[in-house]
Ligand SMILES: C[S@@+](CC[C@H](N)C(=O)[O-])C[C@H]1O[C@@H](n2cnc3c(N)ncnc32)[C@H](O)[C@@H]1O
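Residue numbers (full-length UniProt numbering): 1 to 183.
Here it is in structure tokens:
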């Protein structure tokens with residue numbers, strides 16, 4: 001997996017200009033890496049009925065990188081309960097890692113009928129054409145059931161899709177209905 005290491009956390013809506021100790025996701029110890037990349041992406045944060053969401057600013061074809069999770073990689077034990085809904089875990093160098101992102105990617109909501117997915121570079125990528133003004137949505141729990149779901153992340157899905165799973169409280173393999181190949 002390609003990871004870009006930079007010497008500072010990228011600016012984001014909430015962390016802009018703040019010193020490390022007062023960031024949205026304070027991490028007191030053991031910052032292993034800082035992942036950051038060039039910005040911006042064709043999305044903006046918006047308000048939705050369940051907090052914030054991420055909205056496309058342009059019509060985007062399949063394969064467009066809509067946003068990217070970038071921030072600090074920490075140990076699970078360093079996470080606070082408020083961090084859990086926002087953390088992205090990924091497998092790297094034979095172990096699970098937790099990425100506390102400080103980019104608008106954290107606002108992308110879940111849908112059981114998504115228009116995007118996360119790729120191996122922690123990017124949110126369009127799996128179907130996304131129109132300007134549409135919310136960018138991916139399946140949070142698309143994985144094998146042997147990966148442990150964090151109970152602190154359980155929520156009632158309000159995506160409204162016909163195939164809505166309802167309570168999101170476990171990983172399950174997700175079969176795309178109309179997904180187009182982007183890789
Ligand atoms: C990564 S945050 C997404 C941004 C969040 N909406 C916010 O305002 O900060 C994940 C949390 O958003 C909420 N969420 C995301 N997708 C949802 C959905 N389809 N239905 C209900 N709540 C959802 C849940 O509370 C979830 O734990």
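Yeah, the Cβ is synthetic: ideal placement off N, Cα and C, and Gly gets one too.
Query raised in the report: What do you reckon, are the CB atoms on residue 106 and residue 70 nearer than 8 Å?
Result: Here residue 106 refers to the residue found at position 106 when the chain shown is read from its first residue. Here residue 70 refers to the residue found at position 70 when the chain shown is read from its first residue. No.
Report task. State yes or no: is the C-beta of residue 107 nearer than 7 Å to some heavy atom of ligand 1? Result -> Indexing the chain shown from 1 puts residue 107 at position 107. Within the cutoff, so yes.
Query raised in the report: Which residues in the same chain as residue 118 place their Cβ atom closer than 8 Å to its Cβ, once the five residues preceding and following it in sequence are excluded?
Result: Looking up residue 118 in the chain shown gives position 118. Contacts found: 69, 88, 124, 125 and 138.
**Report entry** Inter-residue Cα distance where the pair is residue 175 and residue 143
**Finding:** Counting from one through the chain shown, the residue named residue 175 turns up at place 175. Counting from one through the chain shown, the residue named residue 143 turns up at place 143. Whole-angstrom Cα-Cα distance: 10 Å.
Query raised in the report: Considering only the beta carbon of each residue, do residue 132 and residue 59 sit closer than 8 Å?
Result: Within the chain shown, numbered from 1, the residue matching residue 132 stands at position 132. Within the chain shown, numbered from 1, the residue matching residue 59 stands at position 59. Contact flag set, yes.
**Report entry** Distance CB(residue 129)-CB(residue 61) smaller than 8 Å
**Finding:** Position 129 of the chain shown, counted from the start, is the residue given in the question as residue 129. Position 61 of the chain shown, counted from the start, is the residue given in the question as residue 61. Result yes, Cβ atoms of residue 129 and residue 61 sit closer than 8 Å.
Query raised in the report: Should residue 145 go down as buried or exposed, given a rule of 16 or more other Cβ atoms within 10 Å for buried?
Result: For the purposes of this step, residue 145 is taken as the residue at position 145 of the chain shown. Classification of residue 145: exposed, given that the 10 Å Cβ count is below 16.
Query raised in the report: The beta strand (DSSP E) spanning residue 45 covers which residue range?
Result: The sequence position of residue 45 within the chain shown is 45, counting from 1. Residues 43-48.
**Report entry** First and last residue of the uninterrupted beta strand (DSSP E) at residue 134
**Finding:** As a first step, residue 134 is located in the chain shown; it is residue number 134 there, counting from the start. Segment: none, residue 134 is in no beta strand (DSSP E) and carries neither H nor E.
Requested in this report: Would you list the residues sitting across from residue 110 in a DSSP beta bridge?
Outcome: Within the chain shown, numbered from 1, the residue matching residue 110 stands at position 110. Residue 110 pairs with 138.
Requested in this report: With DSSP collapsed to three states, give me the class of residue 78.
Outcome: Residue 78 sits at position 78 when you count from the first residue of the chain shown. In the three-state reduction of the DSSP assignment, residue 78 falls in the helix class.
Requested in this report: Tell whether a beta-carbon distance below 8 Å holds between residue 99 and residue 122.
Outcome: The residue you call residue 99 lines up with position 99 of the chain shown. The residue you call residue 122 lines up with position 122 of the chain shown. Yes, these two residues count as a Cβ contact at 8 Å.
**Report entry** Residues near residue 155 in its chain [Cβ-Cβ closer than 7 Å; skip 5 each side]
**Finding:** Reading the chain shown from its first residue, position 155 is the one you call residue 155. Contacts found: 168.
Report task. Name the one or two DSSP bridge partners that residue 68 has. Result -> As a position in the chain shown, residue 68 is number 68, starting the count at 1. 123, per the DSSP bridge assignment.
Query - residue 160 to residue 45 span [Cα, whole Å] - result: Reading the chain shown from its first residue, position 160 is the one you call residue 160. Reading the chain shown from its first residue, position 45 is the one you call residue 45. Residue 160 and residue 45 have their alpha carbons spaced roughly 20 Å apart.
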